[in-house]
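Working notes, beginning with the structure itself.
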Amino acid sequence: GIVAEVAYLAFTAGYAPGTGPDVVRSDLAGEAIRLVRVLRTVLPGPDPEVDALLALMLLQHSRRAARIGADGGLVLLPDQDRTAWSLEEITEALAILTPLAHAAPAPYLLQALIAAEHAVAPSSAATAWDRIVERYDELLALRDTPVVRLNRAVAVAEASGPEAGLRALESVALPGHRLPAVRAQLLERAGRHLEAIEAYAEAVALCAHGPERADLDRRRDALEVLRANR
86 GIVAEVAYLA
96 FTAGYAPGTG
106 PDVVRSDLAG
116 EAIRLVRVLR
126 TVLPGPDPEV
136 DALLALMLLQ
146 HSRRAARIGA
156 DGGLVLLPDQ
166 DRTAWSLEEI
176 TEALAILTPL
186 AHAAPAPYLL
196 QALIAAEHAV
206 APSSAATAWD
216 RIVERYDELL
226 ALRDTPVVRL
236 NRAVAVAEAS
246 GPEAGLRALE
256 SVALPGHRLP
266 AVRAQLLERA
276 GRHLEAIEAY
286 AEAVALCAHG
296 PERADLDRRR
306 DALEVLRANR
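Counting in the working numbering, the sequence shown tops out at residue 315, every number present.
Pasting the structure below:
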């Protein structure tokens with residue numbers, strides 16, 4: 086429904102601000118979660134879409150403390166301290182998802198199931214990336230968007246290596262910094278450092294989010310130092 090969509094847009098603006106100095110805006114994300122909780126209480130009966138949305142929000146919100154480093158900068162998922170994730174929110178989300186295990190595939194549900202794979206994995210390397218790719222394939226069948234294709238390419242890279250991820254990126258057309266940022270990271274992992282530096286530079290030029298731009302700058306600088314010392 087429209088209320089659920091508005092709540093998710095508000096949550097996304099808090100969880101991953103596109104502009105400004107904040108890594109996360111927990112107040113905005115928290116308000117969106119509260120709105121969905123209220124929505125669940127006023128509906129005449131259980132609504133799988135709203136339940137899945139709440140689970141998705143809780144799973145993503147559970148990582149908020151780990152997304153901010155000691156220096157106040159952005160910490161990406163593979164580098165996060167998973168002991169800083171909120172076990173209470175993860176537990177609640179998984180309990181919400183359990184009855185939905187055999188529900189018809191739907192966008193919020195599939196995204197929540199992907200987030201759940203991250204939540205139960207002890208590390209990025211130990212994550213069930215093949216299963217996540219399968220979930221993204223299901224999601225693409227329902228909602229073929231550039232963002233879904235981009236996220237699927239990241240999962241493909243984790244499951245099958247950076248070159249496979251780069252091939253998956255070839256079908257993605259997305260304005261803004263996220264596409265060159267992902268391409269840069271995959272090129273770096275593939276050892277294609279000069280191309281990676283160029284992609285990082287493109288991402289930095291397009292990024293309006295301070296903490297993310299600083300992270301991209303740092304990665305580009307580290308690669309340039311590495312090349313200079315060869």
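Here a beta-carbon is modelled for each residue, glycine too, at the ideal position from N, C-alpha and C.
(1) Can you give me the Cβ contacts of residue 233 inside the same chain, cut-off strictly under 7 angstroms, excluding the 5 residues immediately before and after it?
(2) For residue 256 and residue 268, what's the separation of their Cα atoms in angstroms?
(3) Going by other Cβ atoms of all chains shown within 10 Å of its Cβ, with 16 needed for buried, is residue 263 buried or exposed?
(4) In this structure, how does DSSP classify residue 159 when only helix, strand and coil are distinguished?
(5) Using 8 angstroms as the Cβ pair cut-off and three pairs as the minimum, do the region 189-203 and the region 135-148 touch?
(6) Quick check: what's the CA-CA separation for residue 275 versus residue 86?
(7) So the candidates are 168, 180, 241; which of them puts its Cα closest to the Cα of residue 207?
(8) I'd like to check one pair, residue 241 with residue 205: are the Cβ atoms closer than 8 angstroms?
(9) Whole angstroms is fine: what's the gap from residue 96's alpha carbon to residue 294's?
(10) What residues match up with residue 153 in a beta bridge as DSSP calls it?
(11) Can you have a look at residue 91 and say buried or exposed, based on whether 16 or more other CB atoms are within 10 angstroms of its CB?
Inspection of the coordinates gives the following:
(1) In the same chain as residue 233, and ignoring 5 residues on each side of it, the C-beta atoms closer than 7 angstroms to its own belong to 221, 224, 225, in chain order.
(2) So the two alpha carbons sit approximately 12 angstroms from each other.
(3) Of the other Cβ atoms in all chains shown, 16 or more fall within 10 Å of the Cβ of residue 263; this residue is therefore buried.
(4) In the displayed model, residue 159 falls within a strand according to three-state DSSP.
(5) Segments in contact, yes.
(6) Put simply, the backbone Cα of residue 275 is about 42 angstroms away from that of residue 86.
(7) Of 168, 180, 241, the residue nearest in Cα terms is 168.
(8) In this structure, residue 205 sits away from residue 241, with a CB-CB distance that is not shorter than 8 angstroms.
(9) Going from the Cα of residue 96 to the Cα of residue 294 covers about 16 angstroms.
(10) Partner(s): 159.
(11) Residue 91 sits exposed, since fewer than 16 C-beta atoms from the chains shown fall within 10 Å of its C-beta.
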